[in-house]
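Residue 1197 is where the sequence shown starts when you use the working numbering, and the numbers rise one by one after that. Each residue gets a CB set at the ideal place from its N, CA and C atoms; glycine is no exception. Quantities reported herein were computed from a predicted structural model and do not represent experimental measurements.
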Amino acid sequence: MKPLILINFKTYPEAIGKKALLLAQEIAKVRKKNYLIAVAPSLLTVKEIAEKTNLIVFAQHCDPVILGAHTGSISPAELKAIGVQGTILNHSEWKIPFTILKETVRLCNKYKLKTIICASTIHEAKKIARLHPEYLAYEPKELIGGTISVTEAKPDTIVKAVEAVKKISPKSRVLCGAGVHTKEDIKHALLLGTEGVLIGHAVPKAKDPRKFLEELLM
Ligand code: G3P
1197 MKPLILINFK
1207 TYPEAIGKKA
1217 LLLAQEIAKV
1227 RKKNYLIAVA
1237 PSLLTVKEIA
1247 EKTNLIVFAQ
1257 HCDPVILGAH
1267 TGSISPAELK
1277 AIGVQGTILN
1287 HSEWKIPFTI
1297 LKETVRLCNK
1307 YKLKTIICAS
1317 TIHEAKKIAR
1327 LHPEYLAYEP
1337 KELIGGTISV
1347 TEAKPDTIVK
1357 AVEAVKKISP
1367 KSRVLCGAGV
1377 HTKEDIKHAL
1387 LLGTEGVLIG
1397 HAVPKAKDPR
1407 KFLEELLM
């Protein structure tokens, strides 16, 4: 399986509204056959990007609801129906209580929506591994949005996270994220045993996101 490179648009001003599709279209021009490139646009732009690009598209979050009377909710069934392939869950910026997370994962599985569940610590990673997500992303909260990559600051913890998760859920693929912004960071992440990375600010905030991503994946 190729490593996953997931660009999380969050709600960066460079990646919302009309700019979201333009950014996604630039990312879609990046041809790197050794990687799976995916994007997680804001929940307000995810449908347009799923429809108008051939990128793998993840939602940034979803709720544990079926279709019906659930005002304001994002349901796994609707995400699937609009062409979204998966969802991030439990990001540091949107933590979910474990019982709710469990029910959300059950519904995502039911509707065949892939899950990337984030964990900020090894302890949390072990707990989440019991839900057997497709991907589990180790992201230490304090490094998110910064310029020191998790691969540089916490290489040993990444190795431990991979080992701990694989012991509990051998099929889950472990990712890491926080501060990833150079090609060395990505190479390092893969050497440490992960199967991909989550990248936040570095791509949307790059002067030329397409060129930046091309160079990142060289
Ligand atoms: O979801 C990815 C993320 O939290 C990492 O963000 O800005 O540190 O790359 P960033």
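Rounded C-alpha distance that separates residue i from residue j
i            : j            : result
residue 1313 : residue 1297 : 9 Å
residue 1407 : residue 1227 : 11 Å
residue 1386 : residue 1345 : 13 Å
residue 1292 : residue 1272 : 15 Å
residue 1354 : residue 1288 : 17 Å
residue 1235 : residue 1212 : 13 Å
residue 1318 : residue 1204 : 22 Å
residue 1232 : residue 1252 : 8 Å
residue 1210 : residue 1411 : 20 Å
residue 1364 : residue 1324 : 10 Å
residue 1214 : residue 1405 : 16 Å
residue 1300 : residue 1374 : 24 Å
Pair within 8 Å by beta-carbon distance, residue i and residue j
i            : j            : result
residue 1254 : residue 1202 : yes
residue 1307 : residue 1356 : no
residue 1257 : residue 1245 : no
residue 1392 : residue 1237 : no
residue 1343 : residue 1371 : no
residue 1221 : residue 1249 : yes
residue 1309 : residue 1282 : yes
residue 1223 : residue 1409 : yes
residue 1263 : residue 1274 : yes
Reference residue i; option with closest CA among the options
i            : options                : result
residue 1315 : 1327, 1308, 1335, 1329 : 1335
residue 1332 : 1261, 1361, 1281, 1300 : 1361
residue 1381 : 1414, 1403, 1358       : 1414
residue 1358 : 1395, 1305, 1375, 1320 : 1320
residue 1230 : 1197, 1286, 1384       : 1197
CB contact below 8 Å: residue i versus chain D
i            : result
residue 1339 : Of the protein chains in this structure there is only one, and it is not chain D.
Close Cβ partners of residue i (< 7 Å) along its chain, the five nearest in sequence each way excluded
i            : result
residue 1243 : 1278
residue 1247 : 1279
residue 1207 : 1238
Nonlocal neighbours in the same chain, by C-beta distance under 6 Å from residue i, ignoring five residues either side
i            : result
residue 1377 : 1398
residue 1347 : 1381, 1384, 1385
residue 1290 : 1257
Distance between beta carbons of residue j and residue i, contact taken as under 8 Å
i            : j            : result
residue 1388 : residue 1351 : 6 Å
residue 1369 : residue 1330 : 7 Å
residue 1304 : residue 1311 : 5 Å
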